[in-house]
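**Student:** Take a look at the following structure, please.
Residue numbers (the numbering used here): 13 to 174.
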């Protein structure tokens, strides 16, 4: 697996890692990403902090992956799934135009969303280092809180539009 693929896999593992023991949370990045992570600090407070922030980042990664798959399926299979009102849709008034626009947008958005998921995997690694290793950057904890809150707002907004 290459670097971005490993980061995507690590971002998606954030949810199960949020409820795993500290040893597992430190072993997975060493094995999957080949990144050294050592535990210098522990404790219940740090474990709880990492669990909440890790689960938030992981849920956001899963949501973005779901949106990626949804965009690809609906964009590439537009004539089969959503072509009932193509005259008024993007790329209309012809079915071919609507299909090309929807397929093109899905093919453009998929790498962007996957890139964001990979960045969440890298953030997850920095978060693990900051909470347990003591060598992380100061900005990681506020960034994880902001991303988790923004992901929750984005999810609620998306739920209200469907």
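Glycine is no exception: its CB is placed at the ideal position from the N, C-alpha and C atoms. In this text, all values refer to a predicted model and were calculated from it rather than measured experimentally.
Hey, quick one: how far does the alpha helix (DSSP H) through residue 22 stretch, first residue to last?
**Tutor:** 15-24 is the extent of the alpha helix (DSSP H) around residue 22.
**Student:** If we count the other Cβ atoms within 10 Å of its Cβ and call it buried at 16 or more, is residue 60 buried or exposed?
**Tutor:** exposed
**Student:** Using 8 Å as the Cβ pair cut-off and three pairs as the minimum, do the stretch 19-32 and the stretch 91-101 touch?
**Tutor:** no
**Student:** Any idea if residue 158 is buried or exposed, counting beta-carbon neighbours within 10 angstroms, 16 or more meaning buried?
**Tutor:** By the 10 Å Cβ count, residue 158 comes out exposed.
**Student:** Straight-line CA distance for residue 77 to residue 118?
**Tutor:** As the crow flies, the alpha-carbon of residue 77 is around 13 Å from that of residue 118.
**Student:** By Cβ distance, which residues of its chain are closer than 8 Å to residue 84, with the 5 residues on each side in sequence left out?
**Tutor:** 118, 119, 122
**Student:** To the nearest angstrom, how far is it from the Cα of residue 36 to the Cα of residue 155?
**Tutor:** 23 Å
**Student:** Could you give the C-beta distance for residue 49 and residue 141, rounded to a whole number, given that I count them as a contact under 8 Å?
**Tutor:** 6 Å
**Student:** What residues in its chain sit with their C-beta under 8 Å from that of residue 58, if we drop five residues either side in the sequence?
**Tutor:** Shown here for residue 58: same chain residues with a beta carbon closer than 8 Å to its own, the five before and five after excluded, namely 143, 144 in chain order.
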